[in-house]
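Notes to accompany the following structure.
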Amino acid sequence: MALRTSPELLATARSIEEIKQVAQAGADAVIVGESRFGVRLSGEITADELGDAIAAAREHGIRIYVAVNHVFANDQLPELKEYIQLLKQLRPDALVFGDPAVLMICRDLGYEPVFHWNPEMTSTNYATAQYWGARGAKRVVLARELNLEEITEVTEHAGMEVQVQVHGMTTLYHSGRNLIQSYMHYQGTEASDEIQGKEHGFYLVEQERKDLRFPIYEDRDGTHIMSAEDICLLEVLDELLTAPIHSLKMEGLLMSTEAHAAAVRSYREALDAWTSDPDNYEPNPVWLERIQHYQDPHRELTYGFLFKEQVY
Amino acid sequence: MSIRLEEAPAAVANRRKLARPELLAPGGNLEKLKMAVHYGADAVYIGGPQYSLRSNADNFTLDEMREAVQFAEGYGAKVFVAANIYAHNEDLAGIADYMRELEAVGIAAIIAADPIIIDTAMKVAPKLEVHLSTQQSTLNWEAVRYWKEEGLPRVVLAREASMKDIMEIKQKVDVEIEAFVHGAMCSSFSGRCVLSNHLTDRDSNRGGCSQSCRWKYDLYQSASDESGQLLAEGVPLFADEEESFTMGSKDLCMIEHIPQIIDAGIDSLKIEGRMKSMHYAATVVYAYRQAIDAYLADPEQYELKPEWLEEIHKAANRPLNEGFFFQVPGAKEHIYEEEDKQAPFDFAGIVLEYDAATGMAVIEQRNYFKPGTELEVFSPDGVRFRQTVEEICDEEGNPLDAARHPLQKLRLKMEGPVKPMDMLRKKFMLKKSRK
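Protein sequence lines correspond, in order, to chains A and B.
Counting in the working numbering, the first sequence runs from 94 upward without gaps.
Counting in the working numbering, the second sequence runs from -4 upward without gaps.
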């Protein structure tokens, strides 16, 4: 059996230190950004640090992508333009975008970067991916709510790189409102900006689903509600990779660097095993144990929507 | 009295010439569409058999669309079709044919979010306008410029756009802007919510939304012990008797700000609610129609009439707020208490015929009423009069003790002149008490 090309293992990185850690753990690429332009980032790599971050990635021989994936408002456009000018100089390996404003500004600046199209929940078919492909996108980042059959079909028809999330939490809801603050005001509590930020450990429990804890946090972009479970496709990588997926993403949001790097290491070993003998892939229990060692006991590891059917 | 010549230019400049914006209303089904148009909508948007985000709505067949277009044309009104899903692979095959069909039946525009639907429509149905749906959550003028360059004549902005944002976009890009002015709103960025998918396996972006944002949630905060070890149980951020956390928003209502909305240059004022009742559509359309026309007729002397607001409240089933127009919504823009689902007035019947000589009307029943019930006769000209029901007869003239059969044709003596498509409404007897 011929060897298959190993897909890219892509990890989020919250800091320059974490770029190094996940590179050592076996990531082929990292995605970074700063919260003025990137949404739901695991950490902040500011414009000032970006040059060093790119250098760190280069030093470790991995690619680095920058998230510019806000839904932008008018008043953010001037600083967005400045930021894109900076990216034009620094030349990261790709820009991750959802808002077409990013395409317009790049065009006006005569900058033709590699674009990855990532609108999160709304990249759900191959024809729309092709549409953005015709406008410069080299990669589609698929919605997490697709199943294997749908993912496979996209890889067959899109004619571009396909990225799928294989590990970690996903976004369920993004509001432009400050919902935690509002609730506290409603209760008569003086809630201030101090509750802003993802590190406060707020979570929601739906009254009919007491065993699920949905992380919720507020930041400059409003309120984010995240999945109560973490995707983990380690055991079914061989099934997933029956489709020629180009990039496997590992989300490190609300995970410690240790846990994130450990998970990256497990996927690296798994991918290497799969690449050397795709037909006889046998997950090594050590890979999952390493992940479970750090896993929040309230967060189940699941296959996400990989084998699900949705109705509507 | 003559004006001195040198004063004239200033006088002319003071009289602002305002473009007449469109009032765009939901048409949940053919009947609701007809009422919306009759009560003053310039355009109505509907859902077809496919690709629409209200999969539970009473959506239109192509034949019904044809009839809708004909009916609307009689009033000089247009019909738009919402094709606002985010398609999955399995939805792709039928898009082109559907767009050709919509064009053929005379639909003026589609409202679409998924670029593949937009692109396909422009390629195969050139007479069909494409309007960008709010589901794209477009909030800045660069993105608006992108869609204009793609060939879209109109953009429906994200509900998060403020009045200032809208004015800046209008200033920077020569494109029609449509903004929601009334109705229910997602509290998330539209299209950026998959709560329903994760909690109920129902795909929100294909019309399966289970409104999980309006469910009750408890808010906790994780806590650690003295050694920094995370405790198994978080700290509840609510007291026992306190209302739960929810993401549910109050409904939008901008009728008190019609002058600002028109001055901002918004081209189309949109009312939400394809799932709402015919009574709701007609009432809300009427109120906005009056306000818009009054302002355009005489901007300087314009005043909001309390009765327009009263009309709105007769049909409202949720508390109202002003969304993002003036500030980011806070605590008072959200619903934490039990939602009051019952509008204070209900639709009792519709006038089919009226004989001025005898004062007798033929009414189609829409809700229970009986002799003694006080009815209000509501028309595109406002409330005509109120009367207490005396005798109710069936079509053959047999007296009835009550009007209890939906769609039954009834004969009723009217105390004043009425016209076909006038509505009879009644107050709810039992107003649900609020906590």
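Glycine included, each C-beta is placed from N, C-alpha and C at the ideal position.
These numbers come from a predicted model, not from an experiment.
Whole angstroms are fine: how far does the CA of residue j sit from the CA of residue i?
i: B:Glu155; j: A:Asn271; result: 12 Å
i: B:Gly186; j: A:Val123; result: 27 Å
i: A:Arg200; j: B:Ile345; result: 57 Å
i: B:Pro314; j: B:Glu305; result: 13 Å
i: A:Leu297; j: B:Lys245; result: 21 Å
i: B:Ser365; j: B:Val384; result: For clarity, residue 365 of chain B is Lys in the given sequence; the question names Ser instead. C-alpha separation (whole angstroms): 7 Å.
i: B:Ile256; j: B:Met158; result: 8 Å
i: B:Leu232; j: B:Val170; result: 46 Å
i: B:Asn135; j: A:Ala166; result: 5 Å
i: B:Ser219; j: B:Leu226; result: 5 Å
i: B:Asn312; j: B:Ile266; result: 15 Å
i: B:Lys422; j: B:Ala82; result: 43 Å
i: B:Leu419; j: B:Ala108; result: 38 Å
i: A:Gln258; j: B:Pro339; result: 49 Å
i: A:Ile109; j: A:Ala336; result: 33 Å
i: B:Ile287; j: B:Ile253; result: 7 Å
i: B:Glu237; j: B:Asp86; result: 45 Å
i: B:Asp53; j: B:Ser47; result: 11 Å
i: A:Glu101; j: A:Ala120; result: 8 Å
i: B:Tyr212; j: A:Glu283; result: 21 Å
By the criterion of Cβ-Cβ separation under 8 Å, what are the contact partners of residue i in chain B?
i: A:Asn271; result: Val323 and Gly325
i: A:Val357; result: None at all; the shortest Cβ gap to chain B is about 23 Å.
i: A:Asp121; result: In chain order: nothing, as chain B lies at least about 28 Å away.
i: A:His260; result: Under the 8 Å cutoff, chain B gives no residues; its nearest Cβ is about 17 Å from A:His260.
i: A:Val406; result: Here chain A has residues from 94 to 405 only, and residue 406 of chain A is not among them.
i: A:Pro371; result: In chain order: nothing, as chain B lies at least about 25 Å away.
i: A:Val404; result: Asp196, Arg197, Asp198 and Gly203
i: A:Tyr266; result: Ser183, Arg187, Cys188, Val189, Leu190, Cys208 and Met242
Looking only at its chain, what residues have a beta carbon closer than 6 Å to the beta carbon of residue i, apart from the 5 residues adjacent to it on each side?
i: B:Lys27; result: Met273 and Ala276
i: A:Met94; result: Any answer about A:Met94 is weak, because its pLDDT of 41 lies below 50 and its placement is not dependable; what the coordinates show is given next. Only Asp372 meet the Cβ criterion.
i: B:Val176; result: Met249 and Leu264
i: A:Leu103; result: Ala122, Ser340 and Lys342
i: B:Met60; result: Val100
i: B:Met416; result: His33
i: A:His391; result: Arg306
i: B:Glu348; result: Val357
State the beta-bridge partners of residue i as determined by DSSP.
i: B:Gln231; result: The question names Gln, but residue 231 of chain B is Pro in the sequence shown. DSSP, once it has assigned bridges, lists B:Tyr215 as partnering B:Pro231.
i: A:Lys174; result: A:Lys174 pairs with nothing; no bridge assigned.
i: A:Val159; result: A:Val125 and A:Leu188
i: A:Trp210; result: A:Phe190 and A:Val233
i: A:Ala315; result: Correcting the residue identity first, residue 315 of chain A is Gly in this sequence and not Ala. BP columns for A:Gly315 point to A:Asp312.
i: B:Glu491; result: With chain B covering only -4 through 430, there is no way to say anything about residue 491 of chain B.
i: B:Lys73; result: B:Ala38
Using C-beta distances below 8 Å, list every residue in its chain close to residue i, excluding the 5 sequence neighbours before and after it, in chain order.
i: A:Leu196; result: Phe190, Phe208, Arg228 and Gly229
i: A:Leu305; result: Val298, Glu299, Ala321 and Glu322
i: B:Val7; result: Unreliable placement is indicated for B:Val7, whose pLDDT of 43 sits below 50; the coordinate value is still reported in the next sentence. Correct list: empty, nothing qualifies.
Is the beta carbon of residue i within less than 7 Å of some heavy atom of the ligand ZN?
i: B:Asp246; result: As presented, the structure is devoid of all ligands, the ligand ZN included, so that no description of it is given.
How would you list, in chain order, the residues of chain B whose beta-carbon sits under 9 Å from the beta-carbon of residue i?
i: A:Met214; result: Tyr81, Gly186, Arg187, Cys188, Val189, Asn192, Ser199 and Asn200
i: A:Phe295; result: Leu214, Tyr215, Gln216, Ser217, Gly229 and Leu232
Using a C-beta to C-beta distance shorter than 7 Å, which residues of chain B count as neighbours of residue i?
i: A:Glu243; result: His83 and Asn84
i: A:Ser275; result: Gly325, Ala326 and His329
Note down, in chain order, every chain A residue with its Cβ under 7 Å from the Cβ of residue i.
i: B:Ala114; result: Reading off the sequence, residue 114 of chain B comes out as Asp, not Ala. Neighbours of B:Asp114 on chain A, chain order: Tyr224.
i: B:Lys211; result: Gln300
i: B:Leu134; result: Val164, Phe165 and Ala166
i: B:Leu87; result: Asn218 and Ala220
i: B:Ile111; result: Asn218, Ala220, Thr221 and Tyr224
Return the chain-ordered list of same chain residues with a C-beta closer than 7 Å to the C-beta of residue i, the five sequence neighbours on each side being excluded.
i: A:Glu254; result: Lys231, Arg232, His339 and Ser340
i: A:Val315; result: Note on identity: in this sequence residue 315 of chain A is Gly, with Val being the wrong assignment. Answer for A:Gly315: His267, Ser268, Gly269, Arg270 and Asn271, listed in chain order.
i: B:Gly318; result: Arg154, Met180, Leu247 and Pro324
i: A:Gly252; result: Gln223 and Gly226
i: B:Asn9; result: With a pLDDT of only 47 at B:Asn9, under the threshold of 50, the placement of this residue in the model should not be trusted; the figure read from the coordinates follows. Closer than 7 Å at the Cβ level, and outside the excluded window around B:Asn9, lies no residue.
In chain A, which residues lie less than 9 Å from residue i when you measure between Cβ atoms?
i: B:Phe175; result: In chain order: nothing, as chain A lies at least about 14 Å away.
i: B:Ile164; result: Asn167
Please list, in chain order, the chain A residues whose beta carbon lies closer than 8 Å to that of residue i.
i: B:Tyr141; result: Pro193, Ala194, Leu196 and Met197
i: B:Asp53; result: None at all; the shortest Cβ gap to chain A is about 16 Å.
Mind listing which residues of the stretch 390 to 401 of chain A have their C-beta closer than 7 Å to chain B's C-betas, in chain order? Cβ contacts with chain B: Lys401.
Relative to chain B, which residues along the stretch 195 to 210 of chain A have a C-beta separation below 7 Å, given in chain order? If the cut-off is 7 Å between Cβ atoms, the stretch 195 to 210 of chain A has Leu196, Met197 and Ile198 near chain B.
Counting only Cβ-Cβ distances shorter than 9 Å, please list the residues of the stretch 143 to 171 of chain A near chain B, keeping chain order. The stretch 143 to 171 of chain A vs chain B, Cβ under 9 Å: Val164, Phe165, Ala166, Asn167, Asp168, Gln169 and Leu170.
Give the residues from the stretch 317 to 346 of chain A that approach chain B closer than 9 Å (Cβ to any Cβ), ordered along the chain. So the close ones are Ile318, Ser320, Ala321 and Glu322.
Proximal residues, the stretch 172 to 196 of chain A versus chain B, C-beta separation under 7 Å: Those would be Asp192, Pro193, Ala194 and Leu196, in chain order.
When you check each C-beta in the stretch 233 to 249 of chain B against every C-beta of chain A, which residues fall closer than 9 Å? The residues in question are Phe233, Ala234, Glu237, Glu238, Ser239, Phe240, Thr241, Met242 and Ser244.
Could you name the residues of the stretch 262 to 274 of chain B whose beta carbon sits closer than 7 Å to any beta carbon of chain A, in the order they occur along the chain? Contacts with chain A (Cβ-Cβ distance below 7 Å) from the stretch 262 to 274 of chain B involve no residue at all.
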